[in-house]
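Undergrad: Let me give you the structure first, and then I'll get to my questions.
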Amino acid sequence: MVGYEAKILPPKELQLRLKYESNIVFTNGVFDILHRGHVTYLAHTKERFGGKLVVALNTDNSVKLLNKGDARPYNNLQDRMAVVAALESVDYVTYFDESTPYELIELLKPQTIVKGGDYDMSKLPESELVKSWGGQAIAVPFEHNRSTTKLVEKIRNSN
Numbered sequence: 001m002v003g004y005e006a007k008i009l010p011p012k013e014l015q016l017r018l019k020y021e022s023n024i025v026f027t028n029g030v031f032d033i034l035h036r037g038h039v040t041y042l043a044h045t046k047e048r049f050g051g052k053l054v055v056a057l058n059t060d061n062s063v064k065l066l067n068k069g070d071a072r073p074y075n076n077l078q079d080r081m082a083v084v085a086a087l088e089s090v091d092y093v094t095y096f097d098e099s100t101p102y103e104l105i106e107l108l109k110p111q112t113i114v115k116g117g118d119y120d121m122s123k124l125p126e127s128e129l130v131k132s133w134g135g136q137a138i139a140v141p142f143e144h145n146r147s148t149t150k151l152v153e154k155i156r157n158s159n
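Sequence positions in the sequence shown follow full-length UniProt numbering and run 1 to 159.
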């Protein structure tokens with residue numbers, strides 16, 4: 001096991017690890033093909049909110065529920081988690097198998113949940129959940145106008 005892989009924990013183990021942490025910051029996504037937009041988003045989230053940054057990835061089955069296309073994810077869960085765990089800004093990586101991380105957020109009880117700027121936080125059930133224990137739900141603006149979907153389209157159109 002490479003050092004950064006120690007950051008990857010199943011949900012129940014992560015819950016125990018975070019039991020006495022006072023500032024847990026949570027975000028989630030597919031993180032299928034890591035690009036500058038992802039890296040900047042995670043680094044800014046860590047810088048802005050501090051604490052322990054937990055990144056939860058959709059399982060391969062969960063990605064299928066998101067209508068991202070039959071070929072997605074391109075990288076399997078283990079590979080995606082390893083790449084995200086290697087980032088300096090990330091403290092822990094875990095996963096969830098549902099279409100949303102609601103149950104995982106309920107388990108970990110973060111003080112802050114963060115999503116990319118294209119989300120209306122008032123429409124996410126996770127927002128109300130985290131607010132129920134005094135937490136906050138914040139959308140962080142995107143930088144660099146990058147997305148995995150755009151990257152895949154660019155690759156497909158280059159043939």
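Every residue gets a Cβ at the ideal spot worked out from N, C-alpha and C, and that includes glycine.
#1: When the Cα atoms are used, what is the spatial distance from Val55 to Leu107?
#2: Measuring alpha carbon to alpha carbon, tell me which of Asn157, Val140, Ala71, Val30 ends up nearest Thr40.
#3: Do Met81 and Val93 come within 8 Å of each other at the CB atom, strictly closer than that value?
#4: Could you tell me the distance, in whole angstroms, from the CA atom of Arg17 to the CA atom of Ile33?
#5: So what's Gln136 in DSSP terms, helix, strand or just coil?
#6: Of the residues Glu98, Gly51, Ser22, which one's Cα is nearest the Cα of Asn28?
#7: Can you tell me whether Ser22 is buried or exposed, with buried defined as 16 or more other CB within 10 angstroms of its CB?
#8: Quick one: Cα of Gly50 to Cα of Lys109, how far?
#9: Give the secondary structure of Thr94 by DSSP, where H, G and I count as helix, E and B as strand, and everything else as coil.
#10: To which residues of the same chain is Thr45 closer than 7 Å at the C-beta, ignoring the five residues directly before and after it?
#11: What does a CB cutoff of less than 7 Å around Ala85 pick up in its chain, not counting 5 residues either side in sequence?
#12: Compute the beta-carbon to beta-carbon distance between Thr59 and Leu77, rounded to the nearest angstrom, for a pair I have assumed lies under 8 Å.
#13: How far does the beta strand (DSSP E) with Val25 in it extend, from its first residue to its last?
#14: In the DSSP assignment, what are the bridge partners of Lys64?
#15: How big is the Cα-Cα spacing for Lys68 and Val83?
#16: Just to confirm my understanding: we take Tyr119, look at its own chain, exclude 5 residues before and 5 after, and list those with CB closer than 6 Å. What are they?
#17: In whole angstroms, what separates the C-alpha of Arg111 from that of Ile155?
TA: Judging by the given coordinates:
#1: Your numbering for residue 55 matches position 55 in the sequence shown. Your numbering for residue 107 matches position 107 in the sequence shown. Their backbone Cα atoms lie some 14 Å apart in a straight line.
#2: By 1-based counting over the sequence shown, the position of residue 40 is 40. With distances taken between Cα atoms, Thr40 lies closest to Val140.
#3: Along the sequence shown, read from residue 1 onward, the residue named residue 93 stands at position 93. Along the sequence shown, read from residue 1 onward, the residue named residue 81 stands at position 81. Closer than 8 Å, so yes.
#4: Sequence index remark: in the sequence shown, residue 17 carries index 17 (1-based). Sequence index remark: in the sequence shown, residue 33 carries index 33 (1-based). Roughly 28 Å between the two C-alpha positions.
#5: What you label residue 136 is simply residue 136 of the sequence shown in a count that begins at 1. Here Gln136 sits in strand by DSSP.
#6: Here residue 28 is taken as the residue at index 28 of the sequence shown, counted from 1. Selected option, being the one with the closest Cα: Glu98.
#7: For the purposes of this step, residue 22 is taken as residue 22 along the sequence shown, with counting starting at 1. Under this definition Ser22 is an exposed residue.
#8: In the sequence shown, counting from the first residue as 1, residue 50 sits at position 50. In the sequence shown, counting from the first residue as 1, residue 109 sits at position 109. C-alpha separation (whole angstroms): 16 Å.
#9: For the purposes of this step, residue 94 is taken as the residue at position 94 of the sequence shown. Thr94 falls in the strand class under three-state DSSP.
#10: Walking along the sequence shown from the start, residue 45 turns up at place 45. Cβ within range, chain order: Val25, Thr27, Leu53, Val114, Val140.
#11: Start at 1 with the first residue of the sequence shown, and residue 85 comes out as number 85. Contacts found: Tyr4, Glu5, Lys7, Ile8, Val93.
#12: Here residue 59 corresponds to residue number 59 of the sequence shown, with the count starting at 1. Here residue 77 corresponds to residue number 77 of the sequence shown, with the count starting at 1. Between Leu77 and Thr59 the Cβ distance is about 5 Å, and since that is below 8 Å, they are a contact.
#13: Numbered from its first residue, the sequence shown carries residue 25 at position 25. Counting along the chain, the unbroken beta strand (DSSP E) around Val25 starts and ends at 24 to 29.
#14: Residue mapping note: residue 64 aligns to position 64 of the sequence shown, counting from 1. For Lys64, which the question treats as bridged, DSSP gives no partner whatsoever.
#15: To locate residue 68, count along the sequence shown from 1; it is residue 68. To locate residue 83, count along the sequence shown from 1; it is residue 83. About 20 Å.
#16: As a position in the sequence shown, residue 119 is number 119, starting the count at 1. For Tyr119, where only same-chain residues beyond five positions count, the Cβ hits under 6 Å are Ala139.
#17: Taking the sequence shown and counting its residues from 1, the one referred to as residue 111 is at position 111. Taking the sequence shown and counting its residues from 1, the one referred to as residue 155 is at position 155. Reading the sequence as shown, one finds Gln at residue 111 and not Arg. Each residue's Cα considered, the two are about 38 Å apart.
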